[in-house]
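Engineer:
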Amino acid sequence: MRDETGGDAVDSAPERDRPVDKDRAVAIASRLYHALSRGASAELDELLHPDFTGCTTDGLPLELGGRYEGPEAMRREFWGRIAAHYVATAEPDDFALLDDGRLLVTGRYTGHARNGGTLDAGFAHVLSFVGDRIADLVQLTDSERWRSALPERDDCAPAVDYTVSDGLGIVRLNRPDARNAIDQRLADELAEISRRCAADSELRAVLLMGNGPAFTVGGDIAEFARVQPEELPGLLRAMVTPYHDAIRTFCSLEVPVVTAVHGSVGGGGLGLLYCADIALAAEGTKFATGFCGLGLSGDGGSSWFLPRLVGPRRAAELYFEERVLDARESVEWGLVNRTVEADGLEREAMSTARRLARGPTRAYGQIRQLLWNSWSSSLPHQLAAEIEALARTGGTEDAAGAARSFVHKSTTSFQGR
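Its first residue numbered 87, the sequence shown is counted upward by one per residue in the working numbering.
What follows is the structure, given as structure tokens:
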């Protein structure tokens, strides 16, 4: 059996400290499978060595095959994505200590793809150890069985559209028939797009919008209702994890973010409003948390953002009394900057975002981080941070050019450098 690099997978692991005996190795491995079955992130972090490396089967669907460096990468990008698309358990059958001290575990993955078919695939795992922690895991399995369990989907219709033009990244939620309800696919695609934004050194602003009659109504309730009750916790965890990753990444971008909303903004979908530096709402837009009506506590960062944006009393009202705000109230309460006539929302949003994309990008990035960090920073720390940010922006080409333009009374053209 061979890994994705073309080498012999079982022989590819680097030399490591080995467990002293088979019983110790089996006990550690058993803890791993037990933690995976429960989605116990904290226990997984305890079991995996800080320098952990995972090597998974080439050809797995969803681009899951490959190399994962570090515990968080394995937990979030491999096991987390499996949980997002499958309800499956790794059931070990046999443990064998190899001559080099590594542990060979064979067994079966059993379960099913979410909204798809049955999964029944054998596996072989080769584990090496440092002390009582797992340092390497090589996974071999039948990738075709994983692929065939997934439901067919229309790959021509992404759940999130993303384009870049003149330094402006335009992100559009694209499930109009479902009022842009957030399902697993939308959450995954949004997380991927947020990472693309973060990695694009030429990006100068981001605009978030939604296609169809609503910006987003929040989580896809129809999706929740399709699973068995005992499966709902796993589905929620799997879906919200990449969605929260997207929110966190958009919030940490070093370029301005504009969000333009219309129709309805509900539930966890409010999180994409919180990401924005400038938030615009079409007249007639409605805003609601809606969590309590579903017997859920909520997501999207509302428990952190709302007390800071509207105050703790009003935040509690939005949660417990399920208060629905109209567009005018959303401005009064501090959720959005201003309202726009419905038929002019996209035009105004594009104009605002393009203006920011032509601005001093490096300065915007520093200002953005100063404002975000001020929510948890002391005044002395903030004053010190302003000095450092000012010095950094003072060394940019844009600052030098703006100073020359001021002296010569000419128009400044910022290059984002």
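Yeah, the Cβ is synthetic: ideal placement off N, Cα and C, and Gly gets one too.
What separation, rounded to the nearest whole angstrom, lies between the Cα atoms of D241 and Q270?
Structural biologist: Any reading at D241 must be qualified, since the residue scores a pLDDT of 49, below 50, and its modelled position is unreliable; the value itself is stated next. D241 and Q270: Cα-Cα distance of roughly 14 Å.
Engineer: At which residues does the alpha helix (DSSP H) containing T482 begin and terminate?
Structural biologist: Element bounds for T482: n/a, residue is neither H nor E.
Engineer: Between which residues of its own chain and V313 is the CB-CB distance below 6 Å, once the five residues before and five after are set aside?
Structural biologist: L321
Engineer: Taking F336 as part of the alpha helix (DSSP H), name the residues at either end of that continuous run.
Structural biologist: 318-338
Engineer: Across which residues does DSSP place L183 in a beta bridge pair?
Structural biologist: L189
Engineer: Just reading off the beta strand (DSSP E) that C141 is part of, what are its end residues?
Structural biologist: 134-142
Engineer: Using 9 Å as the threshold, is the C-beta distance between Y195 and F215 below it?
Structural biologist: Annotated as distal: Y195 and F215, with beta-carbon spacing of 9 Å or more.
Engineer: Rounding to the nearest angstrom, what Cα-Cα distance links A488 and T498 in this structure?
Structural biologist: 6 Å
Engineer: Going by Cα to Cα distance, which pick from G481, F310, L358, D218 is closest to A115?
Structural biologist: D218
Engineer: Since G152 and G145 are thought to touch, with beta carbons under 8 Å apart, how far apart are those beta carbons, to the nearest angstrom?
Structural biologist: Distance from G152 to G145 at the Cβ level is roughly 10 Å; contact not present, criterion being Cβ atoms closer than 8 Å.
Engineer: From the DSSP output, in three-state form, read off D269 for me.
Structural biologist: coil
Engineer: Which residue or residues does DSSP assign as beta-bridge partners of H467?
Structural biologist: Bridge partners of H467: none, in fact.
Engineer: Residues in its own chain within less than 7 Å of R400 by CB, not counting five upstream and five downstream?
Structural biologist: W419
Engineer: Under a three-way DSSP split, which group does V303 fall into?
Structural biologist: coil
Engineer: Assuming T143 and T227 form a contact by the criterion Cβ under 8 Å, report the distance between their Cβ atoms to the nearest whole angstrom.
Structural biologist: 5 Å
Engineer: Go ahead and label A235 buried or exposed: buried means 16 or more other beta carbons lie within 10 angstroms of its beta carbon, across all protein chains shown.
Structural biologist: By the C-beta density criterion, A235 is buried, having at least 16 other C-beta atoms within 10 angstroms.
Engineer: Express the C-alpha separation of L366 and V112 in angstroms, rounding to a whole number.
Structural biologist: C-alpha separation (whole angstroms): 57 Å.
Engineer: Buried or exposed: where does K108 fall if 16 or more other Cβ atoms within 10 Å of its Cβ makes it buried?
Structural biologist: That one is exposed.
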